[in-house]
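Protein sequence lines, in the order shown, are assigned to chains A and B. Residue numbers for the first sequence follow my numbering, beginning at 30 and rising by one. Residue numbers for the second sequence follow my numbering, beginning at 30 and rising by one. Every residue gets a Cβ at the ideal spot worked out from N, C-alpha and C, and that includes glycine. Just below is one structure, and these are the notes that go with it.
There are 2 protein chains.
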Amino acid sequence: MSRKFLEEKQRQRAPSQRALETRARIFDAAERVFSRAGFDAASIRDIAEEAEVQGALVNHHGGSKEALFWRVVARRAEILSTARLDALAARKAEGALSLNAVLTCYFEPYLSRAECGDVQWLAYARLVAIVSSDTRWQELAATCFDPTATRFVEEIAALYPPKAQGAVAAAFIYSVAALLALLTAQWRMVAMGDGRTDASSHLDELVAFCAAGIEASVARAS
Amino acid sequence: MSRKFLEEKQRQRAPSQRALETRARIFDAAERVFSRAGFDAASIRDIAEEAEVQGALVNHHGGSKEALFWRVVARRAEILSTARLDALAARKAEGALSLNAVLTCYFEPYLSRAECGDVQWLAYARLVAIVSSDTRWQELAATCFDPTATRFVEEIAALYPPKAQGAVAAAFIYSVAALLALLTAQWRMVAMGDGRTDASSHLDELVAFCAAGIEASVARAS
DNA sequence: GTCTATATGTAGATAGAC
DNA sequence: GTCTATCTACATATAGAC
Numbered sequence: 030m031s032r033k034f035l036e037e038k039q040r041q042r043a044p045s046q047r048a049l050e051t052r053a054r055i056f057d058a059a060e061r062v063f064s065r066a067g068f069d070a071a072s073i074r075d076i077a078e079e080a081e082v083q084g085a086l087v088n089h090h091g092g093s094k095e096a097l098f099w100r101v102v103a104r105r106a107e108i109l110s111t112a113r114l115d116a117l118a119a120r121k122a123e124g125a126l127s128l129n130a131v132l133t134c135y136f137e138p139y140l141s142r143a144e145c146g147d148v149q150w151l152a153y154a155r156l157v158a159i160v161s162s163d164t165r166w167q168e169l170a171a172t173c174f175d176p177t178a179t180r181f182v183e184e185i186a187a188l189y190p191p192k193a194q195g196a197v198a199a200a201f202i203y204s205v206a207a208l209l210a211l212l213t214a215q216w217r218m219v220a221m222g223d224g225r226t227d228a229s230s231h232l233d234e235l236v237a238f239c240a241a242g243i244e245a246s247v248a249r250a251s
Numbered sequence: 030m031s032r033k034f035l036e037e038k039q040r041q042r043a044p045s046q047r048a049l050e051t052r053a054r055i056f057d058a059a060e061r062v063f064s065r066a067g068f069d070a071a072s073i074r075d076i077a078e079e080a081e082v083q084g085a086l087v088n089h090h091g092g093s094k095e096a097l098f099w100r101v102v103a104r105r106a107e108i109l110s111t112a113r114l115d116a117l118a119a120r121k122a123e124g125a126l127s128l129n130a131v132l133t134c135y136f137e138p139y140l141s142r143a144e145c146g147d148v149q150w151l152a153y154a155r156l157v158a159i160v161s162s163d164t165r166w167q168e169l170a171a172t173c174f175d176p177t178a179t180r181f182v183e184e185i186a187a188l189y190p191p192k193a194q195g196a197v198a199a200a201f202i203y204s205v206a207a208l209l210a211l212l213t214a215q216w217r218m219v220a221m222g223d224g225r226t227d228a229s230s231h232l233d234e235l236v237a238f239c240a241a242g243i244e245a246s247v248a249r250a251s
């Protein structure tokens, strides 16, 4: 039942251009509304209004509210997974991987999309935070996020002795949490006295933080 | 209006013992239900049932649903802030502080309460994750969490050149995110291959991860 | 595919008896 | 303080016309 919400009904014939645009508008609107309000506080009515369609159309294209959420998350998760794995493969083709290189392959595809100011990708960052922090979406996370994350953990673990595997897994989760914090909790950094404005260096700083943290965790475990 | 939900009405006379117990039962139940379901999916009826009282009593003791959430969060936040600042003061009395010592003073009061298996403190960890990841609770976070967090950022920043302040603030937010991940996302670590079972070493490993990360962030900024 | 109208459930809050 | 009963609002979802 793992992908229960992602299956599409068989269609009689190809959807029209207009229908595809309507569907995309609904998905984009759902993404923004879910990210602003969270799953429960978001209403189908809000989404319909944001998409400028009638409420019944949201159910028609997205299925139930829960299925719509799954589809909205899965849509971008697939794009991101592909970009991350492609970046990893490209780096690997250049020669042996370093810890910093692997982390950059994981962070950069996400950060570059979110930080260039794309509203939809910024909204998606909040969705990931919602999914990651709530066991209610455990199955969704396992379906959309875990395969790629596991791949990266394996890649990092290969740089160290086998007995460090557990420490690498824990430190990678910390690293992903830090990435999400960068995307969703920047107002808190400002409140704590971070007055810097040059967003360009965020990626390198995050990589430096996480790489040093992972090294230290592994060193403790060895 | 910053503490709007935390003010109590003036009372005519002291509440009875029974009333105090009822109130505590309602707050504990609210803590558990909010942590399981999140704010919106939790209903006053669920909370009443969990506390084994009538629904109207929840409104009577907690005020509106939003006010109840504020009070539940604030109640434990105060205990934790006091414990953290006391630990910091005690360490300071012993001599000059190290980065590891400051981080331990911040993490330990929380981890020791959550990891000893106390249901209410485990529930509270989820509440903090909810508050921290949603701008809707920005004001609550600013009221309950920021004063203590700012104090710790200052303490860490004092160990480094002034121009590292921004990097310290960002790295501290990453560290708090890692702490929350340890408390709320351990199932993900297991899914990534962390098969270790000895919970006792989590504190030291987390401190090692964050301390190394902060050092690296500061080094980049200097 | 799209729209109108509505069925059905459940939410938060309170009035008023005890 | 506590309980019963209820008000009002809005949620999701679907039936059926076009």
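- [ ] List the endpoints of the continuous alpha helix (DSSP H) containing B/Val135.
- [x] In the sequence under discussion, the amino acid at residue 135 of chain B is Tyr, which differs from the Val named in the question. Residues 128-144.
- [ ] Would you tell me roughly how many angstroms separate the C-alpha atoms of B/Ala66 and A/Leu114, rounded to the nearest one?
- [x] 34 Å
Task: Partner residues on chain B for A/Val182, Cβ-Cβ distance less than 8 Å - done: Met221, Gly222
- [ ] Note down, in chain order, every chain B residue with its Cβ under 7 Å from the Cβ of A/Glu244.
- [x] Ala241
TODO: Would you check if the distance between the CB atom of A/Gly64 and the CB atom of A/Arg155 is smaller than 8 Å?
DONE: Residue 64 of chain A is actually Ser in this sequence, not Gly. Cβ distance < 8 Å, so A/Ser64 and A/Arg155 count as in contact.
Task: Element boundaries [alpha helix (DSSP H), containing A/Tyr153] - done: 148-161
Open item on the list: Which same chain residues end up closer than 7 Å to A/Met30 when comparing Cβ atoms and leaving out the 5 residues on each side of it in sequence?
Closed with: Any reading at A/Met30 must be qualified, since the residue scores a pLDDT of 45, below 50, and its modelled position is unreliable; the value itself is stated next. Same-chain partners within the cutoff: there are none.
- [ ] For A/Phe201, I'd like the list of residues in its chain whose CB is within less than 6 Å of its CB, leaving aside the five on either flank, ordered along the chain.
- [x] Val182
TODO: Answer with buried or exposed for B/Glu234, where buried requires no fewer than 16 other C-beta atoms within 10 angstroms of its C-beta.
DONE: buried
Task: Continuous alpha helix (DSSP H) stretch holding B/Val101: start and end - done: 94-122
Task: C-alpha gap between B/Gln194 and A/Glu123, whole angstroms - done: 37 Å
Task: Pairwise C-alpha distance: B/Thr51 and A/Phe174 - done: 43 Å
Task: B/Trp99 beta carbon less than 8 Å from that of B/Leu169 - done: yes
Task: DSSP state of A/Lys212 mapped onto helix, strand, coil - done: According to the sequence provided, residue 212 of chain A is Leu. The question's Lys does not apply to it. Residue state, collapsed to three classes: helix.
Task: Where B/Tyr203 sits in the DSSP three-state scheme - done: helix
TODO: Taking B/Thr133 as the reference, give the member of B/Gly146, B/Cys145, B/Ala119 with the closest Cα.
DONE: B/Ala119
Task: Residue nearest to A/Gly224 in terms of C-alpha spacing, selected from B/Tyr203, B/Ala248, B/Ala196 - done: B/Ala196
TODO: Have a look at A/Asp75 and B/Lys192 and give me their C-alpha separation to the nearest angstrom.
DONE: 45 Å
TODO: Check whether the region 45-60 of chain B touches the region 137-146 of chain B, counting contact only when three or more Cβ pairs, one atom from each stretch, lie closer than 8 Å.
DONE: no
TODO: Determine the chain B residues that contact A/Thr213 at a beta-carbon separation under 7 Å, and present them in chain order.
DONE: Ser162
Task: From A/Arg180, A/Asp227, A/Arg249, residue whose alpha carbon lies closest to that of A/Pro190 - done: A/Arg249
Open item on the list: Output needed for B/Gln149: all residues of its chain with C-beta closer than 7 Å, excluding positions within five of it in sequence on either side, in chain order.
Closed with: Asp57, Glu60
TODO: Could you pull out every residue in the same chain whose Cβ sits closer than 8 Å to the Cβ of B/Ser251, ignoring the five residues on either side in sequence?
DONE: Tyr189, Pro190, Lys192, Ala193
Task: Min CB distance A/Ala206 to chain B below 8 Å - done: yes
TODO: Give the DSSP-derived three-state secondary structure of A/Pro190 in the structure shown.
DONE: coil
Task: Euclidean distance between Cα positions of A/Phe238 and B/Thr172 - done: 28 Å
TODO: Could you name the residues of the region 53-84 of chain A whose beta carbon sits closer than 7 Å to any beta carbon of chain B, in the order they occur along the chain?
DONE: Gly67, Asp69, Ala70
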